[in-house]
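Novice: Numbering (this note's numbering), first residue to last: 20 to 172. Even for Gly, the Cβ is constructed at its ideal location relative to N, Cα and C.
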């Protein structure tokens, strides 16, 4: 016959075993949920990266079309450029606005410098820059003003 203390010990052991298995199950569930989140993040990043690469490859095509538009006034060409820009916008691509702004090396590359009474102001955009969301995917090439300081004699 089992003694009451043996039964209590067995009950305590079983409770400990249940608690241990419950904790292991909770850890396994948390690991699975973390894996699921990481997988979704990887898939999202992969899709973004693929789109970014394609967009970067298409930007020179837009540059060429815009250069052609400067020399050839054609409604069809203007419509194609407008449609192209609409597609880029729908994908989250925005042009970096630079004219009249202070030179910002994260968004701009200074190709030329011109003497002026203002310091580090963008005075001409030579090639547009673009952002995909918050990320700059192509820096703008710009002409920047440089203040000339004269020595007093």
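If we ignore side chains and look at the alpha-carbon of each, how far apart do residue 100 and residue 77 end up?
Specialist: Numbered from 1 along the chain shown, position 81 holds the residue referred to as residue 100. Numbered from 1 along the chain shown, position 58 holds the residue referred to as residue 77. Distance between the alpha carbons of residue 100 and residue 77 is about 12 angstroms.
Novice: Starting from residue 148, follow its DSSP beta bridges and name the residues at the other end.
Specialist: Start at 1 with the first residue of the chain shown, and residue 148 comes out as number 129. Residue 148 pairs with 115.
Novice: Alpha carbon to alpha carbon, how far is residue 58 from residue 89? Give it in angstroms, no decimals.
Specialist: The residue you call residue 89 lines up with position 70 of the chain shown. The residue you call residue 58 lines up with position 39 of the chain shown. If I take the Cα positions, the gap works out to 47 angstroms.
Novice: Look at the Cβ atom of residue 148, then the Cβ atom of residue 117, and state whether they are nearer than 9 angstroms.
Specialist: Mapped onto the chain shown, residue 148 falls at position 129. Mapped onto the chain shown, residue 117 falls at position 98. Yes, Cβ-Cβ distance for residue 148 and residue 117 is below 9 angstroms.
Novice: So, under 8 angstroms CB-CB, residue 128 and residue 158 are touching, yes? Tell me the CB distance rounded to an integer number of Å.
Specialist: On the chain shown, position 109 is the one that residue 128 refers to. On the chain shown, position 139 is the one that residue 158 refers to. Confirmed, Cβ separation roughly 5 angstroms.
Novice: Between the Cα of residue 166 and the Cα atoms of 139, 150, 40, which residue gives the shortest distance?
Specialist: Sequence index remark: in the chain shown, residue 166 carries index 147 (1-based). Selected option, being the one with the closest Cα: 139.
Novice: Of all the options 143, 64, 65, 60, which has the alpha carbon lying nearest to the alpha carbon of residue 119?
Specialist: Here the question's residue 119 lines up with position 100 in the chain shown. The shortest Cα separation from residue 119 among 143, 64, 65, 60 belongs to 143.
Novice: Taking the straight line between their C-alpha atoms, what separation do you get for residue 33 and residue 53?
Specialist: For the purposes of this step, residue 33 is taken as residue 14 along the chain shown, with counting starting at 1. For the purposes of this step, residue 53 is taken as residue 34 along the chain shown, with counting starting at 1. Roughly 30 angstroms between the two C-alpha positions.
Novice: Using DSSP's beta-bridge definition, name the partner residues of residue 133.
Specialist: In the chain shown, residue 133 corresponds to position 114, counting from 1. Answer by DSSP bridge pairing, in chain order: 164.
Novice: Please work out which residues of its chain come closer than 7 angstroms, Cβ to Cβ, to residue 104, disregarding the five sequence neighbours upstream and downstream, and give them in chain order.
Specialist: Numbered from its first residue, the chain shown carries residue 104 at position 85. If we look at residue 104 and ignore the five residues flanking it on each side, it has no Cβ neighbours.
Novice: Find out if the Cβ-Cβ distance for the pair residue 168, residue 141 is shorter than 9 angstroms.
Specialist: Taking the first residue of the chain shown as 1, we reach residue 168 at position 149. Taking the first residue of the chain shown as 1, we reach residue 141 at position 122. Against a cut-off of 9 angstroms, the Cβ pair of residue 141 and residue 168 comes out as no contact.
Novice: Can you list, in chain order, the residues of its chain whose CB lies under 7 angstroms from that of residue 85, leaving out five sequence neighbours each side?
Specialist: Start at 1 with the first residue of the chain shown, and residue 85 comes out as number 66. 100.
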